[in-house]
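Colleague:
Next comes the structure, spelled out in structure tokens:
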């Protein structure tokens with residue numbers, strides 16, 4: 001019998017990617033499609049949900065064809081998706097009633113401000129683990145029901161369905177047979193009670209969302225997702241796993257035990273630490289979210305976001321005329337020792353743990369002999385210092401999750417650089433483990449699907465399929481690191497808006 005294959009669908013914000021994996025975590029073939037962005041007004045971002053489905057099917061078909069094996073060898077499909085993006089569609093026709101509202105969209109800021117003014121945020125955070133922000137799905141869904149003509153009445157009559165992109169894809173792939181979401185995506189909606197593990201009646205009332213439109217919440221791995229309609233791939237293929245993109249990356253990095261953490265360095269950075277079966281309440285305004293739910297057992301994670309990571313390097317190129325990111329790295333390596341230059345890249349404010357939307361970027365410590373090399377190094381260092389801010393906040397919120405041998409597992413574009421990995425280790429004081437396969441989000445979706453299909457017997461066995469990595473261990477002493485961190489914190493205080 002042929003070794004089983006796992007097909008992962010990674011539906012992201014700007015593209016849709018399908019990857020075929022073997023059971024050992026090796027990528028055999030992949031295909032991708034770009035996704036058109038729609039900007040109907042300032043701060044509004046939308047996607048065409050029908051386009052997302054059509055391109056997902058095409059990408060999956062192409063990936064199967066490229067791997068040179070028949071669809072019969074695909075044992076399971078795993079789905080990972082851009083979180084918080086919302087679709088509402090007609091239950092009878094399967095047609096969306098409006099374009100999907102993307103996680104980046106800010107159109108409901110006024111609603112969030114009103115609810116904050118009513119003093120509701122502490123209770124919302126206590127129940128959902130999230131902050132009251134347009135980023136999350138609840139206010140987006142309410143906007144669609146209120147602003148699309150007749151939508152609310154139709155929803156209350158049971159004529160409409162809603163969900164995040166995972167829900168939409170599963171419903172379409174199964175020919176409308178399954179209206180479900182996994183617990184990780186549910187935990188990003190502002191409507192999900194983290195500890196009860198189901199939709200919160202109180203949050204549904206606060207946000208004005210009828211329960212009838214919402215999907216059933218199922219485990220990240222298992223039979224709850226059904227199987228694809230046979231005509232899509234020539235046979236019905238079981239869908240056996242789903243998770244939001246950052247939780248899938250957490251799985252793809254093998255972070256299945258308390259204290260294991262990963263950071264994805266793209267335009268910004270998402271850092272998550274597994275806190276096990278404890279769902280800590282953050283004192284640093286970090287997010288508490290579901291890490292995974294498998295076999296009815298829920299594990300949690302603390303999550304922090306850095307708004308500007310790789311975007312700082314992009315700014316060096318576009319704003320200061322550095323030829324390329326590779327040249328920016330070469331300049332950074334050539335910087336003078338002890339130059340004292342700090343960059344705080346608060347181009348759009350500061351993310352966790354500061355949450356200061358009014359902060360703006362600055363470069364401090366400039367002297368006559370400072371130049372592009374020192375500024376370039378400061379840009380890379382800013383990624384590391386912001387990471388240390390998050391690690392310290394997480395250590396404070398969940399001290400029991402941090403053992404003496406903590407390490408940071410990294411992926412994303414910046415993780416291609418061994419020099420950056422070493423710099424990150426030096427400045428944070430923790431060992432850095434660099435993924436040899438960068439598409440950890442797709443890999444995590446495949447591992448969840450493999451677990452749901454019985455290819456792996458446990459989370460720990462699935463995590464062992466993660467490809468080997470290399471390590472960078474801190475070379476700086478505590479005094480040197482501490483002095484640099486003090487300068488960083490001082491620079492941050494200078495750009496704060498309050």
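In UniProt numbering, the protein residues as written are 1 to 498. Beta carbons are placed, not taken as given, at the ideal position from N, Cα and C, and that holds for glycine.
1. Go ahead and pull the three-state DSSP assignment for residue 20.
2. What is the rounded straight-line gap between the Cα of residue 46 and the Cα of residue 15?
3. What is the C-beta distance between residue 85 and residue 74, in whole angstroms, given that I count them as a contact (C-beta under 8 Å)?
4. With contact counted as at least three CB pairs below 8 Å, one residue from each stretch, are the segment 317 to 325 and the segment 300 to 308 in contact?
5. If you draw a straight line from the C-alpha of residue 87 to the C-alpha of residue 331, how long is it?
6. Skipping 5 residues on each side, what residues in its chain have a beta carbon closer than 7 Å to that of residue 339?
7. Mark residue 281 as exposed unless 16 or more other C-beta atoms lie within 10 angstroms of its C-beta, in which case mark it buried.
8. Could you tell me the boundaries of the beta strand (DSSP E) in which residue 302 lies?
9. Quick one: what's got a C-beta closer than 7 Å to residue 17's C-beta in the same chain, skipping five residues either side?
10. At the level of alpha carbons, what is the spacing between residue 158 and residue 232?
11. Between which two residues does the beta strand (DSSP E) harbouring residue 60 extend?
12. How would you write the range of the beta strand (DSSP E) that residue 416 sits in, first residue to last?
13. Use the C-beta contact count for residue 419: other C-beta atoms within 10 angstroms, 16 or more gives buried, fewer gives exposed.
14. Please tell me whether residue 451 and residue 294 are closer than 9 Å, where the distance is taken between their beta carbons.
15. For residue 179, count the other beta carbons within 10 Å of its own beta carbon; 16 or more makes it buried, fewer makes it exposed. Which is it?
16. Are there three or more Cβ pairs, one per stretch, closer than 8 Å when the segment 405 to 422 is compared with the segment 345 to 364?
17. Three or more beta-carbon pairs under 8 Å between the segment 272 to 292 and the segment 460 to 477, yes or no?
18. On the criterion of 16 or more Cβ atoms from any shown chain inside 10 Å, does residue 436 qualify as buried, or is it exposed?
19. So, for residue 166: in the same chain, excluding its five sequence neighbours on each side, which residues have a beta-carbon less than 7 Å away from its beta-carbon?
20. Straight-line CA distance for residue 269 to residue 390?
21. Which first and last residues belong to the alpha helix (DSSP H) in which residue 317 is found?
22. Apart from the five residues on each side of it in sequence, which residues of its chain come closer than 7 Å, Cβ to Cβ, to residue 360?
23. Report back the beta-carbon spacing between residue 382 and residue 312 to the nearest angstrom; my notes put them in contact at under 8 Å.
24. Output the boundary residues of the alpha helix (DSSP H) element that contains residue 147.
25. Please return the same chain residues whose Cβ sits closer than 8 Å to the Cβ of residue 92, not counting the five positions on each side in sequence.
26. Quick one: what does DSSP say residue 488 is sitting in, helix, strand or coil?
27. Below 8 Å on the Cβ atoms is my contact criterion, and I expect residue 194 with residue 152 to pass it. Report the Cβ-Cβ distance as a whole number of Å.
28. Output the boundary residues of the alpha helix (DSSP H) element that contains residue 110.
29. Does residue 559 come out as helix, strand or coil in the three-state DSSP assignment?
30. So, with DSSP's three-state summary, where would you put residue 325?
31. Measure the alpha-carbon distance for residue 150 versus residue 460 and round it to whole angstroms.
32. Our contact map puts residue 130 next to residue 115 with C-beta atoms below 8 Å; I'd like the distance itself, whole angstroms only.
33. What's the gap between the Cα of residue 258 and the Cα of residue 445?
34. Going by the DSSP bridge assignment, what does residue 81 pair with across the sheet?
35. Take the Cβ of residue 509 as the centre, count every other Cβ of all protein chains shown within 10 Å, and call the residue buried at 16 or more, exposed below.
36. With H, G and I counted as helix, E and B as strand and the rest as coil, what does DSSP make of residue 255?
Modeller: Per the coordinate set shown:
1. strand
2. 14 Å
3. At roughly 26 Å, the Cβ-Cβ gap does not stay under 8 Å, so residue 85 and residue 74 are not in contact.
4. When Cβ pairs closer than 8 Å are counted between the two stretches, the segment 317 to 325 is seen not to touch the segment 300 to 308, the count staying below three.
5. 45 Å
6. Excluding positions up to five away in sequence, the list reads 370 and 374.
7. exposed
8. 297 to 306
9. Closer than 7 Å at the Cβ level, and outside the excluded window around residue 17, lie 10, 30, 32, 59 and 442.
10. 28 Å
11. For residue 60, there is no enclosing beta strand (DSSP E); the enclosing alpha helix (DSSP H) has its first and last residue at 49 to 67.
12. First-last for residue 416: undefined, no H or E at that position.
13. exposed
14. yes
15. buried
16. Output reads no: the segment 345 to 364 does not touch the segment 405 to 422.
17. no
18. exposed
19. 79, 81, 181, 182, 185 and 242
20. 11 Å
21. 310 to 320
22. 346 and 495
23. 6 Å
24. 137 to 147
25. 159
26. Three-state result, residue 488: helix.
27. The Cβ separation is near 27 Å, so there is no contact.
28. Membership of residue 110 in the alpha helix (DSSP H) is indicated by the continuous run 109 to 117.
29. The requested residue 559 does not occur in the structure, where the chain is confined to residues 1 to 498.
30. helix
31. 48 Å
32. In fact, because the Cβ distance is near 12 Å, the residues do not count as touching under 8 Å.
33. 20 Å
34. 11 and 244
35. The structure shown does not extend to residue 509, since the chain is modelled only from 1 through 498, so no value can be given for it.
36. coil
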